[in-house]
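*Asks:* I have a structure I would like to understand better, so I am pasting it below and will then ask my questions one at a time.
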Amino acid sequence: MVRFKHRYLLCEVVAEDPRCRHCIDERAVTTAAKGALARAHGDYGLACCSIAFTVKYLNAYTGVVLLRCRKDFYRLLWSALPLVTHLESRGQRHPCFFHTLHVGGTIRSCQKFLIQYNRRQLVMLLNSCTNKEERESIQQSLLGCFLQEAEEEQFQSGEEEDDCAETD
Amino acid sequence: MSAPLRRLRETPRHLLVCERSHVRHERSRHAARVRGHAYNCRVSFLIPECGVLPEPLKSVTTDMGEYYLVKNLPLHELVAQEFISAFVKTGSCYALSYNTRIDQDNTAALLPTDCHSPLKHIGKLILSVDKDTYEELGLQGRPSRYSGKKIMRYIITIDLTDSAFHSDSKKYKRVLWALRDKKPLEFDFLLSWHHTGADGSTLMSYFSKHQIQAHQPKITFSTLRNLQCPVLCSNELQGKPEESCSAQELFEWLGAVFSNVELDNKSFSFVSTYCCPEPSTMMDQAYLCTITGFILPEKIIQLLDQLCAYFDDPKLAQWVTLTVHGFADSPVSWRENEHGFQKGGENLYNFVVFRSLDYWLQMAVGANDDCPP
Amino acid sequence: MAEGGAGEPPPPPRAPLERLVLKNAAEHHYLRVSLEFPDGGVRLNAAHFKQLVVSALKELHGEVGAALPVDVLTYDEKTLSAILRVSSSGFVKLWSALTLLGSYQNRKCAFRVVQTSPFLLALSGNSRELVLD
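Chains as they are written, first to last, in numbering that gives the first Met the number 0: chain A, 0 to 167; chain B, 0 to 372; chain C, 0 to 132.
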């Protein structure tokens, strides 16, 4: 069996304006990414990356998005993402940029990376805490991270099958 | 990088072979290189700092020999015993099908008997045919080297001067039957015959039944003014920074001169940023002569000899060049090396003869070619 | 990109014979192109012509494509034909972009690629243009 190989790009939408969070939806991200692709790599690049292009995961609170495209052409998408300057939704433009955190071959590797990344972020937050309540709530979250990971380990085999199904 | 994106950056195969030697050196192969390249459509030479051609050079230039165009010549005429004994065995007979494209049509070429190397190519008829014609003909051949997995083109080589190829032999009868009765092939042929002491017009009378025209090579002269020229050093084929230019740079510059490209562009120019390779000198004038037609290697050797003789008297020029373009659609490039047309079908060579009679020879071929000899 | 001498031993100064084989070493590729308008009568100068080539590249290959170093070596205003030079890695991009260009200022047009070669010298002698009558 031969399957189509994909690449997953884990990105973080960085915006100064907190209102931007509300506008992170699938359509806005797709439009922004494709617009940047068309500008940087033209019709050819856009067509190449449009094969199997989807937004696989999106978290409006943390601003994390997971984009998928064919393995052959991920470099085009990768190089175009820094050219995104804003997200557009409901006729409003919100300036922001994409920060690529990780490029992975499976959703699972991206998920693992994301958990690690978030934990590191939490540790950094912990260091800069000013009062007790904050400190406690972050410690709680950190513990949560470990728990989640432990859970994952248990379901590893099941999830990997899922992963293959996605990439087919 | 992934395969599709890599393919976007790749270019078809091409080769440039540079050789350096001395004209008088006993192991120098320059004459063999010229003689090995049978079909030439254009010869140009460039002499820096020259206003008027010396008389011997001029007479060679104007006497490049007639060639003939025969329309709709059945191919079996070229394997007729009469033709073989009258022309192929007695002199150098060159024939190449005209206006046939080697990437889509059938093509035929007759390689001459080479008196200098009797074992190398001796009066061979080479056919490059598509699969259907090959199957209809029923002659033995071999698949083209550049035909890919699914073979669509075959090369048939018929040795006309083989001792087993006489009028009673089975082989001869088979070839004649195939070309005359089984699958009659007709081509327009460019023909030329070189035989010391004989006139080419015998060829004309032999083919008088067919539509035959005599042609003279077309000659154009021009004097280029204020030409920027690269500085060359005969010992430095690859050039030396700040001292001399490489053979590759010269090759590009020469192409630019022949195509009348502006040589002194600025680096910020919008339209073109090409400029003459450095270091360079300014020349008041240069003499450029171009001869177009079906030109025989024998004549090119004469021309090359005269160009070498140009330096017998003291001259201002440091070097002269002689450029020869082959036919893009001939089935062979050098000797019997198969030639094809992928993107450009280029097969050409260029001599740079220095004042000391050292020379550079550059041979260039495209994608569907063997490495030059 | 192999490069190597063959045949003779490494040359001492003034070696009688030296041979150098350059495989796929051409830095640039050259295209002889002509621009066609079905109804004719369009005048373009060299800068506009180059602009058209760049816009064709930009359309198909985006800003990355438009940044390719393309030179218009010669340009003939009467016949709208030109010789283009492009770095070898951009050759396929340029050719494909020219092929897919369809219009200039809302007028239909097409690029014809007459001849291509890794050697500029080859463009000056095209045996397919040898016309005898």
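Even glycine gets a Cβ: it sits at the ideal position worked out from N, Cα and C.
When DSSP labels each residue in this structure, what does Asn117 (chain A) get in the three-state scheme?
*Replies:* helix
*Asks:* Alpha carbons only, please: which of B:Leu302, B:Leu189, B:Glu248 and B:Asn264 is nearest the one belonging to Cys326 (chain B)?
*Replies:* Checking the sequence shown, residue 326 (chain B) turns out to be Phe, not Cys. That would be B:Leu189, whose Cα lies nearest to the Cα of Phe326 (chain B).
*Asks:* Nearest CA to the CA of Asp328 (chain B): which residue from B:Thr320, B:Glu337 and B:Leu321?
*Replies:* B:Glu337
*Asks:* Determine the contact status of Cys260 (chain B) and Leu72 (chain C), defining contact as a CB-CB distance below 8 Å.
*Replies:* The question names Cys, but residue 260 (chain B) is Val in the sequence shown. Yes, Cβ-Cβ distance for Val260 (chain B) and Leu72 (chain C) is below 8 Å.
*Asks:* Under 7 Å between beta-carbons, which chain C residues line up against Tyr273 (chain B)? List them in chain order, please.
*Replies:* Asp70, Leu72 and Arg84
*Asks:* Helix, strand or coil: which one does DSSP assign to Ala363 (chain B)?
*Replies:* Looking at Ala363 (chain B) - three-state DSSP - the assignment turns out to be strand.
*Asks:* Find the residues of chain B that neighbour Gln114 (chain C), judging by a C-beta separation of less than 7 Å, and give them in chain order.
*Replies:* Within chain B, the residues near Gln114 (chain C) are Gly343.
*Asks:* Which one or two residues does DSSP pair with Asp323 (chain B) in a beta bridge?
*Replies:* For the record, residue 323 (chain B) in the displayed sequence is Val; it is not Asp. In the DSSP output, where bridge partners are listed per residue, Val323 (chain B) has B:Val42 and B:Tyr348.
*Asks:* Touching or not, the segment 302-311 of chain B and the segment 79-90 of chain B, by the rule of three or more beta carbon pairs under 8 Å?
*Replies:* no
*Asks:* Could you tell me which chain B residues have their CB closer than 9 Å to the CB of Arg74 (chain A), listed as they occur along the chain?
*Replies:* Met0, Ser1 and Leu4
*Asks:* Ignoring anything shorter than 3 residues, give me the beta strand (DSSP E) runs that lie fully in the segment 72-115 of chain C, in order along the chain.
*Replies:* 80-86
*Asks:* Hey, out of B:Ala366, B:Pro183 and B:Ile300, whose CA is closest to Leu72 (chain B)'s CA?
*Replies:* Minimum Cα distance to Leu72 (chain B) is reached at B:Pro183.
*Asks:* Counting contacts by CB-CB distance shorter than 8 Å, is Leu37 (chain A) in contact with chain C?
*Replies:* Per the sequence shown, residue 37 (chain A) should be read as Ala rather than Leu. So yes, Ala37 (chain A) belongs to the interface.
*Asks:* Rank C:Leu21, C:Asn125 and C:Glu58 by C-alpha distance to the C-alpha of Leu45 (chain A) and give the top, closest one.
*Replies:* C:Glu58
*Asks:* By DSSP's criteria, Lys70 (chain B) is part of a beta bridge. Which residues make up the other side?
*Replies:* B:Gln210
*Asks:* State yes or no: is the beta carbon of Glu17 (chain C) nearer than 8 Å to at least one beta carbon in chain B?
*Replies:* yes
*Asks:* Under the rule that 16 or more other beta-carbon atoms within 10 Å means buried, what is Arg111 (chain C), buried or exposed?
*Replies:* exposed
*Asks:* Under 8 Å, do Ala31 (chain B) and Val331 (chain B) count as touching if we go by C-beta distance?
*Replies:* no
*Asks:* Using a Cβ cut-off of 7 Å, which residues of the segment 73-104 of chain A contact any Cβ in chain C, in chain order?
*Replies:* none
*Asks:* Is the separation between the beta-carbon of Thr280 (chain B) and that of Ser43 (chain B) shorter than 8 Å?
*Replies:* The answer is no: Cβ separation not under 8 Å.
*Asks:* Could one say the Cβ of Glu62 (chain C) lies closer than 8 Å to chain A's Cβ atoms, at least one of them?
*Replies:* yes
*Asks:* Determine whether the Cβ of Leu67 (chain C) lies closer than 8 Å to any Cβ atom of chain A.
*Replies:* no
*Asks:* Once the 5 residues before and after Pro117 (chain B) are set aside, which same chain residues still bring their CB inside 8 Å of it?
*Replies:* Any reading at Pro117 (chain B) must be qualified, since the residue scores a pLDDT of 49, below 50, and its modelled position is unreliable; no value is offered.
*Asks:* For Gly339 (chain B), which residues in chain C fall below 9 Å Cβ to Cβ?
*Replies:* What Gly339 (chain B) touches in chain C: nothing, since even the nearest Cβ is about 14 Å away.
*Asks:* Please list, in chain order, the chain B residues whose beta carbon lies closer than 8 Å to that of Asp71 (chain A).
*Replies:* Ser1, Ala2, Pro3 and Leu4
*Asks:* In this structure, what does DSSP give as the bridge partners for Leu76 (chain A)?
*Replies:* Per DSSP, none; premise fails for Leu76 (chain A).
*Asks:* Cβ closer than 7 Å: which chain A residues qualify as neighbours of Leu59 (chain C)?
*Replies:* Gly41, Asp42 and Tyr43
*Asks:* With distance defined between alpha-carbon atoms, name the residue in B:Asn346, B:Asn39 and B:Arg19 nearest to Trp129 (chain C).
*Replies:* Residue identity check: residue 129 (chain C) is Leu in the sequence provided, not Trp. Taking only the C-alpha atoms, the option nearest Leu129 (chain C) is B:Asn39.
*Asks:* CB-CB under 8 Å to Met203 (chain B), same chain, minus the five flanking residues each way: which ones, in chain order?
*Replies:* Tyr67, Ile211 and Ala213
*Asks:* By the 7 Å beta-carbon criterion, what residues does the segment 259-273 of chain B contribute toward chain C?
*Replies:* Asn259, Val260, Phe269, Val270, Ser271, Thr272 and Tyr273
*Asks:* Could you name each continuous alpha helix (DSSP H) segment of 4 residues or more that falls completely within the segment 9-47 of chain A, going from the start of the chain to the end?
*Replies:* Runs found: 19-22.
*Asks:* Spell out the partners DSSP gives Ser88 (chain A) in its beta bridges.
*Replies:* Answer is A:Gln91.
*Asks:* Does the Cβ-Cβ distance between Ala65 (chain C) and Leu56 (chain C) come in under 8 Å?
*Replies:* yes
*Asks:* Near Phe118 (chain C), what residues of its chain come up, given a Cβ to Cβ distance below 8 Å and the 5 sequence neighbours on each side ignored?
*Replies:* Ala25 and Tyr29
*Asks:* Rounded to whole angstroms, what is the Cα-Cα separation between Leu8 (chain A) and Arg38 (chain A)?
*Replies:* 19 Å
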